[in-house]
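Engineer: Got a structure for you, questions after.
Protein chains: 2
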Amino acid sequence: MQPQPNAPPGGARTKLLDAATAAIREKGYAATSVDELCARAGVTKGAFFHHFPSKGSLAVAAASHFSEGSETLFAAAPYHQFADPLDRVLRYLDFRKALLRGPVAEFTCLAGTMVQEVYGTHPEIRHACDASIGGHAATVEADIADAIKRYRIRAPWTAESLALHMQAVLQGAFILAKAKGNAGVAEASVDHLRRYVELLFARPKTKRAKKR
Amino acid sequence: MQPQPNAPPGGARTKLLDAATAAIREKGYAATSVDELCARAGVTKGAFFHHFPSKGSLAVAAASHFSEGSETLFAAAPYHQFADPLDRVLRYLDFRKALLRGPVAEFTCLAGTMVQEVYGTHPEIRHACDASIGGHAATVEADIADAIKRYRIRAPWTAESLALHMQAVLQGAFILAKAKGNAGVAEASVDHLRRYVELLFARPKTKRAKKR
DNA sequence: GACGACATACCAACCGGTCGGTATGGTCAC
DNA sequence: GTGACCATACCGACCGGTTGGTATGTCGTC
């Protein structure tokens with residue numbers, strides 16, 4: 095099912111995937127043409143349709159490609175070091191906030207951008223985007239679930255719904271950043287989200303979170 | 095500056111604006127062609143370019159058209175009845191949640207959808223979307239500012255940033271609803287947002303909010 | 001010599017936009 | 001009151017460029 099699981103990093107396929115990620119984050123799926131993608135990747139149209147049967151299937155592949163990239167990024171992030179699961183959640187948010195640097199298109203989420211355009215017309219792409227967002231949310235959900243246990247919270251909400259809410263805030267923050275043309279609004283929104291999580295757990299204040 | 099301030103409701107211009115709002119919310123800006131818009135509106139291409147110099151200017155006009163429509167909707171909403179500004183904010187959120195009904199494209203925000211695609215390529219549209227979102231946020235901001243005064247909160251955040259955060263959550267909720275294909279996630283996110291606002295003001299619990 | 005990885009040339013459909021034209025209704029001199 | 005004049009609203013054939021996609025060819029490697 096999955097095409098070329100181990101595509102060579104210098105190959106046309108990978109270059110196309112990278113080009114698609116960048117271009118779609120900048121201008122969206124529909125406005126990005128196959129020709130432009132080929133030009134960006136330094137590849138011909140023949141190579142494009144050799145690796146992907148259609149533009150849409152490139153988008154599906156790009157969503158997983160993007161997921162893999164961010165999975166790697168978040169797996170290596172420092173917030174996992176913390177023994178306290180609530181600290182991990184809070185530090186995750188700090189990490190997300192720190193990522194809000196440089197051009198808007200470079201910290202934005204491919205899946206969130208694409209799904210807005212294609213959710214009604216390209217079900218396979220929509221599904222790939224859902225999987226991308228949901229997969230990432232699931233990693234955060236695990237820490238949230240641990241925090242609920244640790245702090246013996248009786249929550250009228252589930253770990254899943256909070257994890258999803260966190261992703262919603264981030265996606266919305268991206269939209270506002272795009273509208274306003276700067277990342278400041280997005281940072282402020284992440285601050286609000288972090289404050290919410292703290293209030294939710296109502297943890298007694300400590301001077302410093304302890305590492306493991 | 096503003097073209098045809100009082101366009102007749104049955105006229106081609108208004109029909110085009112309505113068609114654009116619906117079509118763009120369904121499939122995005124780039125994927126919606128001028129021909130399709132004309133067909134939806136039951137109008138010819140000649141009429142289109144008689145009223146709008148370009149597709150882009152239709153999009154700008156559609157953003158204000160959409161803003162006016164929602165302005166009317168929210169102005170008539172029941173949450174304004176409440177004397178307590180915090181109640182107004184909370185009931186605003188209830189109202190937003192209640193709006194999450196029917197097909198996803200029908201409760202979604204035109205500005206948020208469009209700005210994702212065009213923020214880098216069509217500055218005028220981006221600006222119109224920003225104005226649409228910002229204008230609506232400003233109405234909520236007024237109530238938040240009153241609530242801060244009333245409850246003598248010393249907030250490390252501004253009324254503006256909270257108003258914007260609320261819009262971010264809603265925009266993000268729309269994205270998740272599109273990805274998952276149902277409004278349930280969006281409702282859950284609004285619940286989290288409402289809980290956050292309550293926690294922020296830490297109001298002593300009352301049995302029932304009083305009307306004016 | 002077969003096969004995968006590309007390149008080149010090409011196509012029909014569709015895109016946003018133009019343009020010459022018509023239908024309608026209001027204004028005003030006579 | 002009527003005909004000249006004109007602005008606005010709208011029509012639809014048409015244009016050149018771009019679109020996603022295809023057909024066929026070349027070349028290096030096993």
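So the protein sequences, as listed, match chains V and U.
Using this note's numbering, the first residue of the first sequence is number 95, and each one after it goes up by one.
Using this note's numbering, the first residue of the second sequence is number 95, and each one after it goes up by one.
From the three backbone atoms N, C-alpha and C, an ideal C-beta is built for every residue, glycine too.
Predicted, not measured: the structure shown is a model, and the values here were computed from it.
Distance cutoff 7 Å, beta carbons only. Does D112(U) sit that close to anything in chain V?
Structural biologist: With 7 Å as the cut-off, D112(U) does not count as an interface residue toward chain V.
Engineer: How should L111(U) be labelled, buried or exposed, when 16 other C-beta atoms within 10 angstroms of its C-beta is the threshold for buried?
Structural biologist: Result: buried.
Engineer: Between which two residues does the alpha helix (DSSP H) containing R190(V) stretch?
Structural biologist: Where R190(V) is concerned, the enclosing alpha helix (DSSP H) stretches over P179 to A192.
Engineer: What is the rounded straight-line gap between the Cα of A315(U) and the Cα of G163(U)?
Structural biologist: Because residue 315(U) is not part of the residues shown, which for chain U are 95 to 306, the question remains open.
Engineer: Alpha carbons only, please: which of R195(U), A296(U), H221(U) and L287(U) is nearest the one belonging to K272(U)?
Structural biologist: Comparing Cα positions, the closest option is R195(U).
Engineer: Taking Cβ positions only, does A267(V) come closer than 7 Å to chain U?
Structural biologist: Yes, contact with chain U.
Engineer: Can A124(V) and E211(V) be called in contact, C-beta distance under 7 Å?
Structural biologist: A contact, by the Cβ cut-off of 7 Å.
Engineer: If I measure Cβ to Cβ from C132(V) and keep anything under 7 Å in the same chain, skipping five residues before and after, which residues do I get?
Structural biologist: These residues qualify, in order along the chain: T138, K139 and F142.
Engineer: Can you tell me whether C132(U) is helix, strand or coil according to DSSP?
Structural biologist: Correct three-state label for C132(U): helix.
Engineer: Evaluate A113(U) with the Cβ neighbour count: other Cβ atoms within 10 Å of its Cβ, from every protein chain shown; 16 or more gives buried, anything less gives exposed.
Structural biologist: It counts as buried.
Engineer: At the level of alpha carbons, what is the spacing between A262(U) and V263(V)?
Structural biologist: Rounded to the nearest angstrom, the two C-alpha atoms are 6 Å apart.
Engineer: Could you check which residue in L258(U), S151(U), R289(U) and P147(U) has the C-alpha nearest to that of A222(U)?
Structural biologist: Closest by alpha carbon: S151(U).
Engineer: Is DSSP giving G278(V) helix, strand or coil here?
Structural biologist: In the structure shown, G278(V) sits in a helix (DSSP, three-state: H, G or I).
Engineer: Rounded to whole angstroms, what's the CA-CA distance from A106(U) to F201(U)? Just pull it up for me.
Structural biologist: Taking the straight line from one Cα to the other gives about 24 Å.
Engineer: When the Cβ atoms of the region 239-258 of chain U are set against those of the region 187-194 of chain U, are three or more pairs found closer than 8 Å?
Structural biologist: No, they do not touch.
Engineer: Please confirm whether T166(U) has its beta-carbon closer than 7 Å to some beta-carbon of chain V.
Structural biologist: No, no contact with chain V.
Engineer: Looking at the C-beta of V284(V), does it have a partner C-beta in chain U at a distance below 7 Å?
Structural biologist: Chain U contact via Cβ: absent.
Engineer: For the candidate residues L287(V), A296(V) and L167(V), whose alpha-carbon lies nearest to that of M260(U)?
Structural biologist: The shortest C-alpha separation from M260(U) is found at L287(V).
Engineer: Cutting at 7 Å between CB atoms, please list the residues of its own chain near A231(U), excluding the five before and the five after it.
Structural biologist: Counting only Cβ-Cβ distances below 7 Å, and skipping sequence neighbours, we find A257, L258 and Q261.
Engineer: Since E130(U) and A117(U) are thought to touch, with beta carbons under 8 Å apart, how far apart are those beta carbons, to the nearest angstrom?
Structural biologist: Contact holds; Cβ gap of about 6 Å.
Engineer: Identify which residue in F168(U), F146(U), A157(U) and A153(U) has its Cα closest to the Cα of A225(U).
Structural biologist: Answer by Cα proximity: A157(U).
Engineer: Sorted by chain position, which residues of the same chain lie with C-beta nearer than 8 Å to V284(V)'s C-beta, five sequence neighbours on each side aside?
Structural biologist: The answer, listed in chain order, is L187, R190, K191, L194, V263, L264 and A267.
Engineer: How many whole angstroms separate the CB atoms of S161(U) and G229(U), which I take to be in contact at a CB cut-off of 8 Å?
Structural biologist: Indeed, because the Cβ distance is near 6 Å, the residues count as touching under 8 Å.
Engineer: Taking only the alpha-carbon atoms, compute the straight-line gap between F295(V) and P179(V) and give it to the nearest angstrom.
Structural biologist: So the two alpha carbons sit approximately 11 Å from each other.
Engineer: Strictly under 7 Å for the Cβ-Cβ distance: is H259(U) near chain V by that measure?
Structural biologist: Yes, because at least one Cβ of chain V sits closer than 7 Å to the Cβ of H259(U).
Engineer: Alpha carbons only, please: which of R182(U), G278(U), H144(U) and A153(U) is nearest the one belonging to S127(U)?
Structural biologist: Comparing Cα-Cα distances from S127(U) to each of R182(U), G278(U), H144(U) and A153(U), the minimum goes to A153(U).
Engineer: Does the Cβ-Cβ distance between I238(U) and V183(U) come in under 7 Å?
Structural biologist: For I238(U) and V183(U), yes; Cβs fall inside 7 Å.
Engineer: Can you name the residues of chain V whose CB is closer than 7 Å to the CB of K272(U)?
Structural biologist: Residues of chain V passing the Cβ test: V209, Q210 and Y213.
Engineer: Should D224(V) be flagged as near chain U, meaning a C-beta pair shorter than 7 Å?
Structural biologist: Yes, because at least one Cβ of chain U sits closer than 7 Å to the Cβ of D224(V).
Engineer: Quick one: grab the DSSP three-state call for H216(V).
Structural biologist: In the structure shown, H216(V) sits in coil (DSSP, three-state: anything other than H, G, I, E or B).
Engineer: The alpha helix (DSSP H) that contains R107(U), what's its start and end?
Structural biologist: A106 to K121 is the span of the alpha helix (DSSP H), which, as asked, contains R107(U).
Engineer: If you run the structure through DSSP and keep just helix, strand and coil, what is F289(U)?
Structural biologist: The displayed chain sequence assigns Arg, not Phe, to residue 289(U). R289(U) falls in the helix class under three-state DSSP.
Engineer: Skipping 5 residues on each side, what residues in its chain have a beta carbon closer than 6 Å to that of K304(V)?
Structural biologist: Summary for K304(V): the model assigns pLDDT 44, below 50, so the residue's position carries little reliability; its value from the coordinates is reported in the next sentence. Closer than 6 Å at the Cβ level, and outside the excluded window around K304(V), lies no residue.
Engineer: Cβ of R308(U) within 7 Å of Cβ of A205(U)?
Structural biologist: Outside the displayed range of chain U (95 to 306) lies residue 308(U), so it cannot be described from this structure.
Engineer: Can you find the residues in the same chain that come closer than 6 Å, C-beta to C-beta, to H216(V), ignoring five residues on each side of it along the sequence?
Structural biologist: Same-chain partners within the cutoff: G150.
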